[in-house]
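Participant:
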Amino acid sequence: MRIVVTGGAGFLGSHFCDRLLAAGHSVVALDNLVTGNPANLEHLRAHGRFQFINCDISAGPLPVEGAVEALADFASPASPIDYARLPIETLQVGSFGVFHCLELVRRHQARFLLTSTSECYGDPEVHPQREEYWGHVNPIGPRSCYDESKRFAEALTMAFHRRHGLDTRIARIFNTYGPRMRLDDGRVVPQLIAQALRGEDLTVFGDGSQTRSFCYVDDLIEGLYRLLLDSAPDPLPVNLGNPAEITILEFATRIRALTGNRSAIAFRPLPQDDPKRRCPVIERARARLAWQPRISLEEGLRKSWEYFQSAVRSPAAPA
Ligand code: UDP
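Every letter in the sequence shown is one number past the one before it in numbering that gives the first Met the number 0, and letter 33, counting from 1, is 32.
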């Protein structure tokens, strides 16, 4: 297939390009590099089935020529500090950007995959989170630019599905980590690993009793690949994540054990609306895609370790 990947220079988008190319597909990656990093695609520069276009998908119709059989949309700031810095751009890419993606898909009668998020559930009152849960989102809080952008993107995707009969798929991605995360993107995995490597205190927000469920990038990418390639179209959202839930304080102690870091844990104020618990129910993904995560947190952190070490040592490299 010839597949467009928006946000192709980002953490997940670039891994998805690799997965598609490895399976023999052709890829057109789009990115405006506002949070993406061209270094993530450097190894594909001379690949015969790969093309990169530097463009802002919010700005207008997508400049993609030739056949399009599918589009996977990864374009959005995704870390809390990135979307706090870029709130309007985040809302634009989830609305105008997704509209332009869907228009291209409609013209080509192609397949569409939206990468949505567990943030659609907000600070959930139901635990763990199944796809049927409608969420608990503060529409005017500091996270709303991301949460509501993705909720709008889901609504727009369903509207194109209902109105135009498009083949659309929606993945709700839970916390994912691994190589190519920016060391400075503020998310807890790169942040604490970078602090440990620099011998700094590990910053834990609040009392660290809030939970997350961390999925290694290879597992997540496999789930997304199966969802896009699944031969049975189904527009209902699918949770993708690792249901192994852990408190942030426990996560910090695991980072200390992994890195041999002896520095203290520094408690900092909990950001507003920080979700207290988050854990996916993945029965739908299991049943539909025969998918489940295979890589434990220990193994995933070990696999990420080398990458983060080299990024800390040479900040000019893929940090
Ligand atoms: N967090 C933390 N210390 C940090 C960065 C994040 O304790 O230096 C906490 C944050 O408050 C949240 C969790 O770690 O409860 C996960 O945060 P992240 O930014 O990775 O993603 P989120 O799941 O909030 O989108």
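Note that beta-carbon positions come from the ideal geometry of N, C-alpha and C, so glycine has one too.
#1: DSSP three-state call for C214: helix, strand or coil?
#2: Between which two residues does the beta strand (DSSP E) carrying V3 extend?
#3: Between which two residues does the beta strand (DSSP E) containing I254 stretch?
#4: Which two residues bound the contiguous alpha helix (DSSP H) that contains R150?
#5: Helix, strand or coil for I169 per DSSP?
#6: Considering only the beta carbon of each residue, do G299 and N260 sit closer than 8 angstroms?
#7: Sorry if obvious, but does the Cβ on S148 come closer than 7 angstroms to a heavy atom of the ligand UDP?
#8: Would you call the region 203 to 219 and the region 252 to 267 in contact, with 3 or more CB pairs under 8 angstroms?
#9: Along the beta strand (DSSP E) that carries R84, what are the first and last residues, could you check?
#10: Can you give the Cα-Cα distance for A154 and L248, rounded to whole angstroms?
#11: Quick one: is G65 buried, meaning 16 or more other Cβ sit within 10 Å of its Cβ, or exposed?
#12: Can you tell me which of the three DSSP states A315 falls into?
#13: Run the CB neighbour count on W290, radius 10 Å, all protein chains shown included, and call it buried at 16 or more, exposed below.
#14: S94: beta carbon under 7 angstroms from a heavy atom of the ligand UDP?
#15: Could you tell me the distance, in whole angstroms, from the CA atom of S115 to the CA atom of A152?
#16: Is N31 helix, strand or coil by DSSP?
#17: What is the rounded straight-line gap between the Cα of P76 and the Cα of S262?
Facilitator: Reading from the atomic positions:
#1: As a working mapping, residue 214 is identified with position 215 in the sequence shown. DSSP places C214 in strand when its eight states are reduced to three.
#2: Locating residue 3 in the sequence shown gives position 4, counting from the first residue. Looking at the DSSP string, the run of the beta strand (DSSP E) that includes V3 is R1 to T5.
#3: By 1-based counting over the sequence shown, the position of residue 254 is 255. Per DSSP, I254 belongs to no beta strand (DSSP E); it is in the alpha helix (DSSP H), I247 to T258.
#4: The sequence position of residue 150 within the sequence shown is 151, counting from 1. Taken as a continuous stretch (DSSP letters only), the alpha helix (DSSP H) holding R150 covers S143 to H163.
#5: Translated into the one-based positions of the sequence shown, residue 169 becomes position 170. Correct three-state label for I169: strand.
#6: Mapped onto the sequence shown, residue 299 falls at position 300. Mapped onto the sequence shown, residue 260 falls at position 261. Taking 8 angstroms as the Cβ cut-off, G299 and N260 do not qualify as a contacting pair.
#7: Locating residue 148 in the sequence shown gives position 149, where the first residue counts as 1. Look at S148: its beta carbon is at least 7 angstroms from all of the heavy atoms in the ligand UDP.
#8: These segments touch.
#9: Working through the sequence shown from its first residue, we reach residue 84 at position 85. Per DSSP, R84 lies in no beta strand (DSSP E); the unbroken alpha helix (DSSP H) holding it starts and ends at P79 to R84.
#10: Locating residue 154 in the sequence shown gives position 155, where the first residue counts as 1. Locating residue 248 in the sequence shown gives position 249, where the first residue counts as 1. The C-alpha of A154 lies about 35 angstroms from the C-alpha of L248.
#11: Your numbering for residue 65 matches position 66 in the sequence shown. Around the beta carbon of G65, fewer than 16 other beta carbons sit within 10 angstroms, so the residue counts as exposed.
#12: For the purposes of this step, residue 315 is taken as residue 316 along the sequence shown, with counting starting at 1. With a pLDDT of 49 at A315, under the threshold of 50, the predicted position of this residue should be treated as unreliable, though the coordinate-derived value follows. Judged by DSSP in its simplified three-state form, A315 adopts coil rather than helix or strand.
#13: Translated into the one-based positions of the sequence shown, residue 290 becomes position 291. Buried, because 16 or more other Cβ atoms sit within 10 Å of the Cβ of W290.
#14: Residue mapping note: residue 94 aligns to position 95 of the sequence shown, counting from 1. No, Cβ of S94 sits at least 7 angstroms from all heavy atoms of the ligand UDP.
#15: Within the sequence shown, numbered from 1, the residue matching residue 115 stands at position 116. Within the sequence shown, numbered from 1, the residue matching residue 152 stands at position 153. If you draw a straight line from the Cα of S115 to the Cα of A152, it comes to about 8 angstroms.
#16: Within the sequence shown, residue 31 is the residue found at index 32, counting from 1. In the three-state reduction of the DSSP assignment, N31 falls in the coil class.
#17: Mapped onto the sequence shown, residue 76 falls at position 77. Mapped onto the sequence shown, residue 262 falls at position 263. Going by the C-alpha atoms only, they are around 31 angstroms apart.
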